[in-house]
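A short worksheet on the structure shown next.
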Amino acid sequence: EDAGISEQIVAYDASLEALHMGRTEIVPLAEHDIPYVGIEQCSLCHQSATTHWQTTPHSRAMATLVEAGKQYDEVCISCHVTGFREPGGSVTGNHNGLADVQCESCHGPGGLHVQPDTRDRIIRDPDPSVCMTCHVPDHSPDFNYDTYRPLIVGPGHGGI
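The sequence shown finishes on residue 219 if you use this note's numbering, and the numbering steps up by one all the way, no holes.
Take a look at the structure:
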């Protein structure tokens, strides 16, 4: 690595932090928006799936950004939190309990799913295209859905 370029990158990341520190307002929910509920709520009924999720890289997605100093880079954050810039979701500087790639990143907002009379209101089997919104060649050049899917399924998740 070139020391001068590295310094410029660190300065750029610091400027992003300064820019976004005060921007913490969550996009408000409109009348028909479904709220996000977060992993804590999901785990109440889906403990085995949550336990398995905790063993996956998705559960540490935000930590990887913090380690790299990219936690204020919106290009990165959008794939490392749940519901980024969505109504009731997360924003830079306020993850709203939705840090990491949680259940609702793939299965959609769970606000209706947690209601007793609407339990079926969730995407049970997400289309592979959902993965491809983040796992793009520039950031995941070796990503292959058929290879990586078995790594995120487990007890109580994905039919196992």
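C-beta: ideal position from N, C-alpha, C; glycine also. Everything numeric in this text was worked out from a predicted model, so none of it was measured.
Nearest to residue i (by Cα), restricted to the options the options
| i | options | result |
| --- | --- | --- |
| L75 | I64, F143, P146 and T151 | T151 |
| A82 | H154, G167 and T109 | Note on identity: in this sequence residue 82 is Arg, with Ala being the wrong assignment. Measuring from the Cα of R82, the nearest candidate turns out to be H154. |
| V195 | R183, I211, S137 and P175 | S137 |
| G169 | Q67, A70 and V96 | V96 |
| I68 | D197, A127, D92 and T123 | A127 |
| G142 | T123, A77, E66 and C193 | C193 |
| V125 | S188, P187 and V140 | V140 |
| E163 | A62, Y71, S118 and E60 | S118 |
| C240 | P175, I98 and Q174 | Residue coverage of the chain in this structure runs from 60 to 219, which leaves residue 240 outside it and unanswerable. |
With 16 other Cβ atoms within 10 Å as the buried cut-off, status of residue i
| i | result |
| --- | --- |
| M121 | buried |
| V148 | Checking the sequence, you will find Gly at residue 148 rather than Val. Answer is buried; the Cβ neighbour count reaches 16. |
| I64 | exposed |
| C101 | buried |
| L210 | exposed |
| A158 | buried |
| C104 | exposed |
Proximal residues to residue i (C-beta, below 8 Å), its chain only, five neighbours per side dropped
| i | result |
| --- | --- |
| T177 | L171 |
| V86 | R144, E145, P146, G147, G148 and V150 |
| T114 | G213 |
| L88 | P94, P146 and G147 |
| H216 | H105, S107, A108, H111 and W112 |
Distance between residue j and residue i (C-alpha atoms, nearest Å)
| i | j | result |
| --- | --- | --- |
| Y204 | P116 | 15 Å |
| S199 | E84 | 30 Å |
| I107 | P214 | First, the residue type needs correcting, since residue 107 is Ser and not Ile in the sequence shown. Looking at the two C-alpha atoms, the distance is approximately 6 Å. |
| D79 | R183 | The sequence given here places His at residue 79; Asp does not occur at that position. C-alpha separation (whole angstroms): 34 Å. |
| I181 | T206 | 25 Å |
| E90 | A73 | 37 Å |
Own chain residues within Cβ distance below 7 Å of residue i, not counting five before or after
| i | result |
| --- | --- |
| C190 | Y204 |
| C135 | L124 and K129 |
- Tell me the start and end of each unbroken alpha helix (DSSP H) in the stretch 186 to 211 that is at least 4 residues and wholly inside, in chain order. For the stretch 186 to 211, whole alpha helix (DSSP H) runs of length 4 or above, ordered along the chain, are 187 to 190 and 204 to 211.
- Message: In chain order, what are the residue ranges of uninterrupted beta strand (DSSP E) at least 3 long that sit wholly in the stretch 103 to 182?
- Response: Runs found: none.
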